[in-house]
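Engineer:
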Amino acid sequence: MPALNVEFSDRELEDLRRMAKERGTSMKALVREAAAADIARHRALQEAAGEFRRFFAAHAAEFAAAFPDDEPPAKGEAA
0 MPALNVEFSD
10 RELEDLRRMA
20 KERGTSMKAL
30 VREAAAADIA
40 RHRALQEAAG
50 EFRRFFAAHA
60 AEFAAAFPDD
70 EPPAKGEAA
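Going by numbering that gives the first Met the number 0, the first residue of the sequence shown is number 0, and it counts up by one from there.
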């Protein structure tokens, strides 16, 4: 498996050691789990944003009618 060297400040390293000890795990496992959780969160946010964009596009006319003051001016129309 590929590896990655990551630099931490003395304080961060101290905190990681303490957290790993409190959780009964290794520092490597702690950092890997944190990174994996952030990757999963990022993917979920990307998927949710895509769903929102699809929903908004499918209901654009309804949004325009409900919030006419928020509609951008038409091309060639003064703002």
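Where is the CB? At the ideal position from N, CA and C, for every residue including glycine.
With distances taken Cα to Cα, identify the nearest neighbour of A65 among F55, K74, A47.
Structural biologist: By 1-based counting over the sequence shown, the position of residue 65 is 66. It is F55 whose Cα lies nearest to the Cα of A65.
Engineer: Out of V30, R22, A35, which one is the CA nearest neighbour of E6?
Structural biologist: By 1-based counting over the sequence shown, the position of residue 6 is 7. Taking only the C-alpha atoms, the option nearest E6 is V30.
Engineer: Would you kindly report the start and end of the unbroken alpha helix (DSSP H) that includes G23?
Structural biologist: What you label residue 23 is simply residue 24 of the sequence shown in a count that begins at 1. Run containing G23: none; DSSP gives neither H nor E here.
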